[in-house]
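As structure tokens, the structure follows; a few thoughts come after it.
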Amino acid sequence: MPSKKNSPKESQLAGTQTPDRANTNAKLQSLEVFRSDATEQALRTNQGVKVADNQNTLKAGARGPSLLEDFIMREKITHFDHERIPERIVHARGTGAHGYFQTYQAHSSLTKAGFLQDPEKMTPVFVRFSTVQGPRGSGDTVRDVRGFAVKFFTDEGNFDLVGNNMPVFFIQDAIKFPDFVHAVKPEPHNEIPTGGSAHDTFWDFVSLVPESAHMVMWAMSDRAIPKSLRTMQGFGVHTFRLINAEGKSTFVKFHWKPKAGVCSLVWDEAQKLAGKDTDYHRRDLSEAIEMGDYPEWEFGVQIVPEEDEHKFDFDLLDPTKLIPEELVPVTPLGKMVLNRNPDNFFAETEQVAFCPGHIVPGIDFSNDPLLQGRLFSYTDTQISRLGGPNFHEIPINRPLAPNHNGQRDAQHRTTLDKGRASYEPNSVDGGWPKETPAAASDGGFESYPERIEAHKIRQRSESFSDHFSQARLFFNSMSKPEQEHIIAAYSFELGKVEREHIRTREVNEVLANIDLELARRVALNLGLPAPKAGTVEVKKSSLKASPALSQMNLLASDIKGRKVAILVADGVDGASVDGIVKALEAESAHPKVLGPTSAPVKTADGKSLAVDASMEGSPSVTFDALWVPGGKAAINALSADGVAMHFLLEAYKHLKAIGVHADVKALLDTLHLKTDAGLIVGDDGKAHAAFITAIAKHRVWEREAAAKAIPA
Ligand code: HDD
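For the sequence shown, position 510 matches number 897 in this note's numbering, and the numbering has no gaps at all.
Structure representation (structure tokens):
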């Protein structure tokens, strides 16, 4: 059973406490006086009155009517009646964690942003991951884009990088966002489906809006069913500017690269998990942090000097395009570590308010029309979601930097502003608070003085008109299994579309322009006539493929943090269990012993062996790999146990590494499971090593064809 290495409080800003780190920590703690701890405290009303009886309403007699004067009951029920706030319009389902960001070195040639200068400095962050379509209670593992929003509490103010786990977006102009969201949200008449895009309105919209082709391809790829939030890349999507102390601007794209590698679920597993463990991703994140397996990402930028703005065969301002890493590699800037779970989901994860418009000196926007619209939308939405313009005062949103200004009053104002002047300039309060002129460092924010000479028009730039070349590049960059998954995903989703003209339009007018073979395969699966080659002339990309896009090239080399099930029953060989547990723990993986029930089992030599959970309570879909140790009686018992058999078959079907004692071979034969690179028979050090290698490969792709025959 994994032990809790760090309690959340101990783990906060973990690491050697240099004076600066201790400072950051102390500063954060001193601002967190709002964290309420009721240990050894009396139960009181909101007015501070101690409560003597929290079990009974005040009544006229034990069997009589309740009395209106019961202010204790009324206060409690009134508060309860108003406990819910509107959920986010999109990204309603999410989970968050605290951590810190640390720059590797001073990046002063790129930016004057303070948090990117001092490698000793730990900048607190709060991160919220989310799905897009589903409501607050929807499943974690649905096919969807994942939000990846980071709030940096820098000394110069909050910087929010509100990105996704995909580097492009569905639309090019923010004015289309309500249309897109209305289309992807559940159908308006029956509110189905929850959490997914496999329905008519989504495919109607995207088949009519070809600029979505590239992003839809990402959404149909394995990226849309991540294995874990810890194994996702993050992207700022838009092109931003970094500004250095001399006022020099450089275009950048922001990237997050996970240390644990990038990998995904398989589709059958994702669907089952949505039922068996709706909270799969949030549980994984919070357990990892509890156990001290702190998720870590490298923060980096693709750098494009201002003078190279027009050197690409796409427009840097078009959010449906990425810059292939083969053309502009990602320059690492620093790292982010998540090391503390929230104390209170509502107060922290639900109330956190991100806005792409929250930037600090040294960072600036580009003219990407999607980004420009976002700058308005987020603050606006927080006002209705969080009940007014004072949402920056909610503890989780408060900057660590001071924030004095003349803004006053409004709902939920908690700051007690002293002084008479809520205007500037003033002389009654000595002129304070005053402007700070922009400066090389520590100055006031100054927008990059981009020269603009233009007509006021509603028009899409001609440079935004190529919609298919990067969708094609993405498809061509996938490995064979990844391509097959994309074909299967289009077929599954379009198979759920009731209107044939929508299916036909997507195949003939979108897919056929991306890749004729992809269109042909999907058409075949849908029973549509074979499509003809697309009619749109697709720009030739300067690259045939971009290996950086395939998850096959992004795996971690170790098995740190992977979860491995060990199936046991009465009569199991205790030494065999010990051996594999030790081998896995040496690799920092997490073995979990599962029995027929949660009760301990008896080993072959009569000892009691505690189990971590029952096989039914912890199904195979929640594990990365499976091991079946020796012990003839135990193997016989497992062979007669349908849950155990299903566990084994399902792990095989989901292409997971499986290791079994030689005595289990007969059972494999009965189940028609053939040994392969990831199905290892043996119980010695060599078998352990082969098993560990197979886990590191994440899936046994060469098994995929054989696994199709296994019942779901
Ligand atoms: Fe958005 C939430 C990411 C385009 C309007 N968005 C939201 C969240 C993420 C993103 C991660 C959840 C933040 C959280 O955890 O609280 N959105 C994106 C990305 C986009 C994007 C990467 C394109 C590159 N969004 C976008 C547009 C608009 C919005 C074009 C409107 C014009 N997004 C919103 C919103 C939300 C939101 C309605 C809902 C809740 C919230 O803001 O706080 O304002």
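We put the CB at the ideal spot given by N, CA and C, even for glycine. Note that this is a predicted model, so its numbers are computed, not measured.
Quick check on this structure: which residue in the options has the alpha carbon closest to the alpha carbon of residue i?
i: V980; options: E474, I953 and F832; result: I953
i: P597; options: E885, L913, E893 and V951; result: E893
i: D505; options: D542, D531 and H799; result: D542
i: K644; options: W819, G721, I459 and H842; result: G721
i: D992; options: D655, A956, T736 and D999; result: A956
i: G550; options: K821, Q559, K538 and R838; result: K538
i: S864; options: A841, S933, F851 and S814; result: S933
i: W654; options: A899, E822 and D531; result: D531
i: W605; options: L652, A1076 and M553; result: M553
i: H854; options: D829, N900, Q846 and D695; result: N900
i: A1024; options: P1006, M602, Y1039 and D1050; result: D1050
i: F879; options: R422, N545 and H586; result: H586
i: D1063; options: G1072, E1091 and I967; result: E1091
i: S771; options: P473, E427 and N433; result: P473
Mind checking who residue i pairs with in its DSSP beta bridge?
i: M723; result: F488 and W684
i: P692; result: T637
i: T510; result: F488
i: I630; result: S636
i: G818; result: According to DSSP, G818 bridges with nothing at all.
i: S545; result: Contrary to the premise, residue 545 reads as Asn rather than Ser in this sequence. Paired residue(s): F540.
i: R461; result: Its beta-bridge partners do not exist; DSSP assigns none.
i: L379; result: As displayed, the chain neither begins before 388 nor continues past 1099, which places residue 379 out of reach and without an answer.
i: I750; result: L629
i: F622; result: N551 and H642
i: L1042; result: Answer is none; L1042 lacks a bridge partner.
i: G948; result: None, per the DSSP bridge assignment.
i: W1014; result: I953 and G1046
i: T718; result: V688
i: K437; result: R431
According to DSSP, is residue i part of a helix, a strand, or is it coil?
i: I844; result: coil
i: G534; result: strand
i: L881; result: helix
i: W1088; result: helix
i: D1071; result: coil
i: S476; result: The amino acid at residue 476 is misidentified as Ser; the sequence shows Ile. In this structure, I476 counts as coil in the three-state DSSP scheme.
i: N551; result: strand
i: F855; result: coil
i: G1029; result: helix
i: H1101; result: Residue coverage of the chain in this structure runs from 388 to 1099, which leaves residue 1101 outside it and unanswerable.
i: I1082; result: helix
i: H977; result: strand
i: R408; result: For R408, the pLDDT reaches just 48, beneath the cut-off of 50, and the residue's location in the model is therefore unreliable, leaving the point undetermined.
i: K659; result: helix
i: T1062; result: coil
i: R892; result: helix
i: I612; result: coil
i: R515; result: strand
i: R431; result: strand
i: V370; result: Because the chain here runs from 388 to 1099, residue 370 falls outside it and cannot be looked at.
i: K396; result: For K396, the predicted model reports a pLDDT of 38, less than 50, meaning its position is unreliable and no value from the coordinates is stated.
i: V923; result: coil
i: T482; result: strand
i: G774; result: coil
i: G982; result: strand
Rounded to whole angstroms, what's the CA-CA distance from residue i to residue j? Just pull it up for me.
i: S995; j: K989; result: 5 Å
i: E713; j: R795; result: 50 Å
i: R408; j: V436; result: Note that R408 scores a pLDDT of 48, beneath 50, so its modelled location is shaky; the value from the coordinates is reported in the next line. Cα to Cα, the separation comes out at about 40 Å.
i: R533; j: V438; result: 45 Å
i: R617; j: T718; result: 21 Å
i: I839; j: L803; result: 42 Å
i: V1087; j: L1042; result: 5 Å
i: L1013; j: E849; result: 54 Å
i: Q442; j: G526; result: 36 Å
i: Q857; j: A661; result: 31 Å
i: F832; j: P748; result: 5 Å
i: P789; j: I690; result: 32 Å
i: V884; j: P580; result: 12 Å
Hey, is residue i's beta-carbon within less than 7 Å of any beta-carbon in chain C?
i: K883; result: Protein chain content of the structure displayed is limited to a single chain, and chain C is not contained in it.
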